[in-house]
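Engineer: According to this note's numbering, the residues represented by the sequence shown are 134 to 238, in order. C-beta atoms are modelled at their ideal positions from N, C-alpha and C, and glycine is treated no differently.
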Amino acid sequence: MPTLCATRGGPQGFQITPAALPAFTRELDQAADQSRQGSDLAPLQRFIAQWAAYVYIQRQPGLSADLRSWEERAASGDAAQARQAASEIGRILDQAHTAVGLHSR
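Here you go:
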């Protein structure tokens, strides 16, 4: 999943910070290619959902810090801690999807 920073973009909605632009562009290109090859909009819809959720999370410093903390715990190597982290990351992502008007995963 991408790590990104987002800022409010006034009337346009949001802006992806320069550090996140390469990942954003790469993932958009991949989704567009997959959509063209399969004549299916699903890859583009997944791209939009993923980035909308992360922009929502990054706009909230506390939630963003929680996500980073749980991601670090998931990588700790301890199985019990990794399961708890996966559950908490899922909860954060579900919250973000709901907040941006997307269905839960």
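(1) Can you confirm whether the segment 219-234 touches the segment 181-192 when touching is taken to mean that 3 or more C-beta pairs between the two stretches lie within less than 8 Å?
(2) Quick check on the burial criterion: 16 or more other C-beta atoms within 10 angstroms. Buried or exposed for A164?
(3) So P176 is in the alpha helix (DSSP H); what residue range does that whole segment cover?
(4) Which residue marks the beginning of the alpha helix (DSSP H) containing S168, and which one marks its end?
(5) Along the alpha helix (DSSP H) that carries A208, what are the first and last residues, could you check?
(6) Roughly how many whole angstroms lie between the Cα atoms of S197 and A219?
(7) Might you give, ordered along the chain, the residues of its own chain that have their beta carbon closer than 8 Å to the beta carbon of L174, omitting 5 neighbours on each side?
Structural biologist: The relevant details are as follows:
(1) yes
(2) Residue mapping note: residue 164 aligns to position 31 of the sequence shown, counting from 1. The residue is buried, with at least 16 neighbouring Cβ atoms inside 10 Å.
(3) Along the sequence shown, read from residue 1 onward, the residue named residue 176 stands at position 43. Here the alpha helix (DSSP H) through P176 covers 175-191.
(4) The count along the sequence shown starts at 1 and reaches residue 168 at position 35. 154-171 is the extent of the alpha helix (DSSP H) around S168.
(5) Here residue 208 refers to the residue found at position 75 when the sequence shown is read from its first residue. Here A208 belongs to no alpha helix (DSSP H), and DSSP marks it neither H nor E.
(6) Here residue 197 corresponds to residue number 64 of the sequence shown, with the count starting at 1. Here residue 219 corresponds to residue number 86 of the sequence shown, with the count starting at 1. Taking the straight line joining both Cα atoms gives about 15 Å.
(7) The sequence position of residue 174 within the sequence shown is 41, counting from 1. S168.
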